[in-house]
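Residues 329 to 802 in our numbering are what the sequence shown spells out, letter by letter. Think of the CB as a built atom: it goes at the ideal place given N, C-alpha and C, for glycine as much as any other residue. Just so you know, these numbers come straight off a predicted model, no measurement behind them.
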Amino acid sequence: MNSVLVASNRGPVSFTVSDDGELTMKRGGGGLVSGLSGVAKGDGVLWVCAALADGDRSAVRMAPGGRIDHAGYDTGPLRMLDIPPAVFHRAYNAVANSTLWFVNHLLYDIPNAPNFGTKFEREWESYRDYNGAFALALAEEAGHGARVMVQDYHLTLTPAMLRAERPDLRIAHFSHTPWAPPEYFSLLPDDVAREVLEGILGADHAGFLTDRWAQAFMDCCVALLGAEADRVGRSVTHEGRTTRIGVHSLGVDGAALWERACEPDVESHMAALREQVGDRRLIVRIDRTELSKNIVRGLVAYREFLAAHPEWHGRVVHLAFAYPSRHDLPEYREYTASVQRSAQEIEDEYATEDWDPLILNVNDDYPRSLAAYRLADVLLVNPIRDGMNLVAKEGPVLSPRCALVLSREAGAAAELGPHALVVNPYDVSGTAAALHQALVMPEDERRARRDRLHAAATALPPQKWLAAQLDALA
Ligand code: G6P
Numbered sequence: 329m330n331s332v333l334v335a336s337n338r339g340p341v342s343f344t345v346s347d348d349g350e351l352t353m354k355r356g357g358g359g360l361v362s363g364l365s366g367v368a369k370g371d372g373v374l375w376v377c378a379a380l381a382d383g384d385r386s387a388v389r390m391a392p393g394g395r396i397d398h399a400g401y402d403t404g405p406l407r408m409l410d411i412p413p414a415v416f417h418r419a420y421n422a423v424a425n426s427t428l429w430f431v432n433h434l435l436y437d438i439p440n441a442p443n444f445g446t447k448f449e450r451e452w453e454s455y456r457d458y459n460g461a462f463a464l465a466l467a468e469e470a471g472h473g474a475r476v477m478v479q480d481y482h483l484t485l486t487p488a489m490l491r492a493e494r495p496d497l498r499i500a501h502f503s504h505t506p507w508a509p510p511e512y513f514s515l516l517p518d519d520v521a522r523e524v525l526e527g528i529l530g531a532d533h534a535g536f537l538t539d540r541w542a543q544a545f546m547d548c549c550v551a552l553l554g555a556e557a558d559r560v561g562r563s564v565t566h567e568g569r570t571t572r573i574g575v576h577s578l579g580v581d582g583a584a585l586w587e588r589a590c591e592p593d594v595e596s597h598m599a600a601l602r603e604q605v606g607d608r609r610l611i612v613r614i615d616r617t618e619l620s621k622n623i624v625r626g627l628v629a630y631r632e633f634l635a636a637h638p639e640w641h642g643r644v645v646h647l648a649f650a651y652p653s654r655h656d657l658p659e660y661r662e663y664t665a666s667v668q669r670s671a672q673e674i675e676d677e678y679a680t681e682d683w684d685p686l687i688l689n690v691n692d693d694y695p696r697s698l699a700a701y702r703l704a705d706v707l708l709v710n711p712i713r714d715g716m717n718l719v720a721k722e723g724p725v726l727s728p729r730c731a732l733v734l735s736r737e738a739g740a741a742a743e744l745g746p747h748a749l750v751v752n753p754y755d756v757s758g759t760a761a762a763l764h765q766a767l768v769m770p771e772d773e774r775r776a777r778r779d780r781l782h783a784a785a786t787a788l789p790p791q792k793w794l795a796a797q798l799d800a801l802a
């Protein structure tokens with residue numbers, strides 16, 4: 329039986345299956361996996377995750393009890409849950425990604441969405457089933473008094489469900505996203521909003537990446553549940569139970585990241601990129617192709633910068649790398665298309681025979697992204713709203729001289745803001761001006777700022793993040 333367990337929708341690895349049935353394993357993407365992968369594996373923590381697609385389902389079928397590590401893969405202790413595809417699809421795509429993600433990142437086009445009707449009732453039912461499947465698996469795997477760390481908006485109901493099943497456990501929930509203010513959170517149907525909050529309050533400890541998101545969660549508990557919140561001591565009391573609220577920022581394991589970024593595959597991407605761009609200055613961005621990342625406004629800002637500063641024509645290249653994400657959702661496919669259209673407009677207006685002002689790649693891979701970080705002069709991170717944003721922290725670890733242009737709406741701004749050029753993500757002219765300021769920043773200032781960014785980014789590596797939460801459950 330296990331004494332420490334982690335549960336999340338996406339696990340540390342995913343599988344693809346080829347036509348001849350052969351399975352290939354690759355590392356999962358996104359902030360949660362980047363943060364947790366190293367620590368969970370190293371410390372023998374049992375990780376429980378969902379099978380996301382056919383490749384994962386095939387892997388689960390070959391693994392006794394869903395234990396991928398028992399089927400000969402070097403993943404660390406890992407159990408994958410084969411939740412029926414239709415249930416998974418409704419829970420992951422319709423509820424988690426199209427509803428809870430949209431609410432917490434303030435992404436709705438309000439005059440038209442959301443619409444909560446009978447279709448949503450069915451989707452919500454599936455979200456309950458999916459959370460229940462996790463609660464059941466955790467209840468089976470956890471030793472007496474074990475500590476269980478439930479991750480993110482996919483699993484808001486699991487803590488309360490698990491507590492009902494196994495009151496001996498010590499349960500934490502952690503949100504890797506922002507949290508919405510009550511006026512926006514209450515777009516959700518009232519009973520759903522309450523169920524989400526009460527689900528998380530089923531934990532002993534509810535963690536957030538910044539004080540801002542923790543306060544917003546407490547605001548929602550007060551406004552929608554009539555709970556009592558202790559703002560200073562950070563706790564919420566509801567129906568006689570108290571849940572402690574924790575703020576645990578997540579940073580980067582600088583040494584491990586640097587080691588990975590020095591491997592030959594990254595070095596050869598660096599050489600190829602240098603060959604492509606010559607000695608021009610580089611403005612780099614790296615994201616999931618994600619609505620909240622604000623890629624289109626970033627491109628519009630770059631276009632404004634080029635219009636305002638002809639002296640930079642031919643001397644700068646914007647590398648915009650994004651890797652595909654959530655393409656089952658039409659909004660994401662449309663967004664990717666609109667990113668491509670904005671890029672094309674820049675090409676049409678500014679490209680010359682010997683200068684490509686923009687290199688956009690919406691299918692990027694990890695080693696190439698690491699190569700781009702190492703070469704960056706400017707890193708642009710301008711999300712509409714973001715729980716933390718690890719790109720803002722990875723960049724200064726890998727680039728010796730990058731200046732960071734950072735959205736004030738990213739959780740990372742709480743720690744990195746003083747050393748970055750902070751922008752309002754909706755203000756494209758302001759962002760264009762910051763790009764210029766970042767490019768012309770004197771060498772000694774950019775190196776001094778980068779050193780301070782590096783220190784702030786690596787102050788709370790995932791090991792400390794995990795340890796602080798386990799301590800909070802002790
Ligand atoms: C964010 C979320 C993670 C999620 C990741 C990637 O970082 O907080 O929970 O795993 O995005 O999204 P995906 O839908 O591909 O898992």
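Is residue 330 near the ligand G6P, judged by its Cβ being under 7 Å from some heavy atom?
It does not: the Cβ of residue 330 is nowhere closer than 7 Å to a heavy atom of the ligand G6P.
Beta carbon of residue 360: closer than 7 Å to some heavy atom of the ligand G6P?
The answer is yes for residue 360.
Reduced DSSP category for residue 377 - H, G, I as helix; E, B as strand; rest coil
Three-state DSSP puts residue 377 in a strand.
Residue 651, enclosing alpha helix (DSSP H) - first and last residue:
For residue 651, no alpha helix (DSSP H) segment is defined; the enclosing uninterrupted segment is the beta strand (DSSP E) at 644–651.
Please name the residue, chosen from 627, 577, 622, that lies closest to residue 647 on a Cα-to-Cα basis.
Answer by Cα proximity: 627.
The ligand G6P heavy atoms versus the CB of residue 691: any closer than 7 Å?
Result no, Cβ not under 7 Å from the ligand G6P.
Cα-Cα separation, residue 668 to residue 688
Using only the alpha carbons, I get a separation of about 8 Å.
Starting from residue 624 and walking both ways along the beta strand (DSSP E), at which residues does that stretch end?
First-last for residue 624: 623–636, but that is the alpha helix (DSSP H), not the beta strand (DSSP E).
When you compare the CB positions of residue 622 and residue 506, do they come within less than 8 Å of one another, or not?
With contacts defined as CB atoms closer than 8 Å, residue 622 and residue 506 fail to qualify as a contacting pair.
Is residue 338 near the ligand G6P, with its Cβ less than 7 Å from a heavy atom?
Checking the Cβ of residue 338 against the ligand G6P gives yes.
Once DSSP output is grouped into helix, strand and coil, what is the label at residue 588?
Reduced to three states, the DSSP call for residue 588 is helix.
Tell me, to the nearest whole angstrom, how far the beta carbon of residue 738 is from that of residue 714; I am working on the premise that it is less than 8 Å.
Contact holds; Cβ gap of about 4 Å.
Beta carbon of residue 403: closer than 7 Å to some heavy atom of the ligand G6P?
Taking 7 Å as the cut-off, one finds no heavy atom of the ligand G6P near enough to the beta carbon of residue 403.
Kindly indicate the opening and closing residues of the beta strand (DSSP E) around residue 569.
For residue 569, the enclosing beta strand (DSSP E) has its first and last residue at 569–575.
What is the residue span of the beta strand (DSSP E) that residue 615 lies within?
In this chain, the beta strand (DSSP E) harbouring residue 615 covers 609–616.
Going by Cα to Cα distance, which pick from 502, 630, 533, 382 is closest to residue 672?
Closest option to residue 672, Cα to Cα, is 630.
Based on the DSSP secondary-structure assignment, which residues constitute the bridge partners of residue 706?
In the DSSP assignment, residue 706 is bridged to 611, 731.
For residue 604, the nearest candidate out of 680, 617, 684 (CA to CA):
For residue 604, the nearest C-alpha among the options comes from 684.
Between 702, 776, 670, which lies nearest to residue 596 when the distance is taken from Cα to Cα?
Ranked by Cα distance from residue 596, the options 702, 776, 670 are led by 702.
Closer than 7 Å to a non-hydrogen atom of the ligand G6P - does that hold for the CB of residue 803?
Any property of residue 803 remains undetermined from this structure, which presents the chain solely from 329 to 802.
Please identify the residue among 662, 664, 578 whose C-alpha is closest to the C-alpha of residue 720.
Ranking 662, 664, 578 by Cα distance to residue 720 puts 578 first.
Here's a check: name, in chain order, each residue in its chain whose Cβ is nearer than 6 Å to the Cβ of residue 804, leaving out the five neighbours to either side.
No statement about residue 804 is possible, as the shown extent of the chain runs from 329 to 802 and does not include it.
Verify the contact flag: residue 480, CB atom, against every heavy atom of the ligand G6P, threshold strictly below 7 Å.
Yes, since a heavy atom of the ligand G6P falls inside the 7 Å radius drawn around the Cβ of residue 480.
By the DSSP assignment, the alpha helix (DSSP H) with residue 528 in it spans what residues?
Start and end: 518–529.
Could you tell me the boundaries of the alpha helix (DSSP H) in which residue 669 lies?
Per DSSP, residue 669 belongs to the alpha helix (DSSP H) from 658–678.
Cutoff 7 Å; reference residue 777; Cβ partners in own chain excluding five residues on either side
Excluding residues within five positions, the ones whose Cβ falls inside 7 Å are 731, 747.
heavy atom of the ligand G6P below 7 Å from residue 299 C-beta:
Here the chain has residues from 329 to 802 only, and residue 299 is not among them.
Give the secondary structure of residue 395 by DSSP, where H, G and I count as helix, E and B as strand, and everything else as coil.
If DSSP states are grouped into helix, strand and coil, residue 395 belongs with the strands.
Local Cβ density within 10 Å of residue 390, reported as buried at 16 or more and exposed below that
Under this definition residue 390 is an exposed residue.
Is residue 622 near the ligand G6P, going by C-beta to nearest heavy atom under 7 Å?
Because no heavy atom of the ligand G6P lies under 7 Å away, the Cβ of residue 622 does not count as near it: no.
Give the range of the alpha helix (DSSP H) segment to which residue 788 is assigned.
Segment: none, residue 788 is in no alpha helix (DSSP H) and carries neither H nor E.
Thinking C-alpha only, which one of 513, 473, 515 is nearest residue 495?
With distances taken between Cα atoms, residue 495 lies closest to 473.
Helix or strand or just coil, what does DSSP make of residue 504?
It is coil, neither helix nor strand.
Short Cβ contact (8 Å threshold) for residue 580 with residue 795:
Against a cut-off of 8 Å, the Cβ pair of residue 795 and residue 580 comes out as no contact.
Does any heavy atom of the ligand G6P sit closer than 7 Å to the C-beta of residue 653?
In terms of side-chain proximity, the C-beta atom of residue 653 is found nearer than 7 Å to a non-hydrogen atom of the ligand G6P.
What do you get for residue 768, buried or exposed, if any count of 16 or more other CB atoms within 10 angstroms of its CB means buried?
Exposed: under 16 other Cβ atoms inside 10 Å.
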